[in-house]
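Notes follow the structure.
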DNA sequence: CCTGAAACCTGTCTGC
DNA sequence: TGCAGACAGGTTTCAG
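Numbering (this note's numbering), first residue to last: 203 to 477.
Structure representation (structure tokens):
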């Protein structure tokens, strides 16, 4: 499901409410429950219990697609992967759902519940988050990511641009939807080699990525299928899952190819293959 | 260093 | 109706 805008939407809801949920800031952890053992990546269940009990939620942050729940002494990290979602339930209205995998129960009875149909999502508790987050590349909104910096990074690699943008160690936060949408907005073919992009193209790409993500965040993410609800960015797609439909810019029929094992949508006219 | 395939999983949709 | 196959917002690991 979730790429940067969906994760950002969830993080904001955990900080200050939204999506029909309650904020979790300043609540005290009482206990944890693991309903699918693989969901807890580390430490062990016993160790987790000992470590987090009594700790207070100090902040909720995002890095790439990771949700960071900052406690007094340590961090809970959550990655939603393909089908994960988080909800906060009050003590009264607390109906368990199919696919609930992990529960953080607070002293006041409120629960943070991790639901994940496909079981790919993971939760970590660690004192040193960099151990897990350190491999991530720069965040798209990081001011240190300038057009010249992106250009030189693109030059240093020789990969299909679509695959490179999906590589979280290169840039942290883009997934399949926002990559396709950003490349269309920038007018760049998904199979162009990264080191073939010109300086102006790198500048356009950076702007397109930021504009696309910002629009996604403003619309609370994209709701597709049964997995994620609440956003409406799906109504603004230009190419994603629009195979056979006309490009909103030029009317050419949108094509679908496979790039880096992922379904990839583009306009052959707005995004020519030739340099 | 790069690509492609497979693995981890379940749910939904399409076509026969 | 039933069933097989394709496909899905992600990441890691391994072979070539």
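Beta carbons are placed, not taken as given, at the ideal position from N, Cα and C, and that holds for glycine.
*Can you tell which of 384, 476, 309, 335 has its C-alpha closest to the C-alpha of residue 370?*
Measuring from the Cα of residue 370, the nearest candidate turns out to be 335.
_Assess contact between the segment 388-396 and the segment 280-300, defined as three or more Cβ pairs (one per stretch) separated by less than 8 Å. Is contact present?_
Using a Cβ-Cβ distance cut-off of 8 Å, the segment 388-396 and the segment 280-300 are not in contact, since fewer than three pairs of beta carbons, one from each stretch, lie closer than that value.
_According to DSSP, simplified to helix, strand and coil, what is residue 250?_
Residue state, collapsed to three classes: helix.
*Could you name the residues of the same chain whose beta carbon sits closer than 7 Å to that of residue 400, not counting the 5 residues immediately before and after it, in chain order?*
Counting only Cβ-Cβ distances below 7 Å, and skipping sequence neighbours, we find nothing.
*asked:* Here's the rule: buried if 16 or more other CB atoms are within 10 angstroms of the residue's CB, otherwise exposed. What is residue 410?
replied: Under this definition residue 410 is a buried residue.
*Identify whether residue 205 lies in helix, strand or coil by the three-state DSSP scheme.*
Looking at residue 205 - three-state DSSP - the assignment turns out to be coil, as it is neither helix nor strand.
_beta strand (DSSP E) segment containing residue 353, residue limits_ = Taken as a continuous stretch (DSSP letters only), residue 353 belongs to no beta strand (DSSP E), being part of the alpha helix (DSSP H) at 349-357.
*In the structure shown, what three-state DSSP assignment does residue 306 receive?*
When DSSP states are grouped into helix, strand and coil, residue 306 belongs to the strand group.
_Nonlocal neighbours in the same chain, by C-beta distance under 6 Å from residue 406, ignoring five residues either side_ = Answer for residue 406: 388, listed in chain order.
_Cα-Cα separation between residue 398 and residue 461, rounded to whole angstroms_ = Straight-line Cα distance between these residues: approximately 17 Å.
*From residue 455 to residue 466, what distance separates their C-alpha atoms?*
Straight-line Cα distance between these residues: approximately 14 Å.
*Taking all protein chains shown into account, decide if residue 253 is buried (16 or more other Cβ within 10 angstroms of its Cβ) or exposed.*
Within a 10 Å sphere around the beta-carbon of residue 253 sit 16 or more other beta-carbons, which makes this residue buried.
*Can you tell which of 339, 210, 228 has its C-alpha closest to the C-alpha of residue 220?*
For residue 220, the closest alpha carbon among the candidates 339, 210, 228 is that of 210.
*Boundaries (first-last residue) of the alpha helix (DSSP H) holding residue 382*: Counting along the chain, the alpha helix (DSSP H) containing residue 382 begins and ends at 378-388.
_Sub-8 Å separation of residue 217 and residue 227 beta-carbons_ = Yes, the Cβ-Cβ distance between residue 217 and residue 227 is below 8 Å.
*asked:* So if DSSP puts residue 481 in a beta bridge, which residue, or which two residues, is it bridged to?
replied: As shown, the chain starts at 203 and ends at 477. That puts residue 481 outside it, with no answer to give.
*Would DSSP call residue 397 helix, strand or coil?*
Helix.
*Report back the beta-carbon spacing between residue 362 and residue 472 to the nearest angstrom; my notes put them in contact at under 8 Å.*
Residue 472 and residue 362 do not touch by the CB rule: their CB atoms are close to 18 Å apart, not below 8 Å.
*Just the Cα atoms here: how many angstroms apart are residue 377 and residue 249?*
Their backbone Cα atoms lie some 33 Å apart in a straight line.
*residue 255 and residue 233 look like a contact to me (Cβ under 8 Å); what is the Cβ gap, rounded to whole Å?*
About 7 Å separates the beta carbon of residue 255 from that of residue 233, a gap short enough to meet the 8 Å contact definition.
*Nonlocal neighbours in the same chain, by C-beta distance under 7 Å from residue 240, ignoring five residues either side*: So the qualifying residues of the chain are 321.
_Every unbroken beta strand (DSSP E) within the segment 215-249, with a cutoff of 3 residues, ordered by chain_ = Every beta strand (DSSP E) of 3 residues or more that sits fully in the segment 215-249 is shown, in chain order, as 231-236, 242-244.
*asked:* Using a Cβ-based criterion (distance less than 7 Å to any ligand heavy atom), does residue 363 qualify as near the ligand GDP?
replied: As for the ligand GDP, it is missing from this structure, which has no ligand bound.
*Residue range of the beta strand (DSSP E) that residue 315 falls in?*
Residue 315 -> beta strand (DSSP E) spans 313-318.
*Go ahead and label residue 246 buried or exposed: buried means 16 or more other beta carbons lie within 10 angstroms of its beta carbon, across all protein chains shown.*
Classification for residue 246: exposed.
_Distance CB(residue 304)-CB(residue 236) smaller than 8 Å_ = Less than 8 Å divides the Cβ of residue 304 from the Cβ of residue 236.
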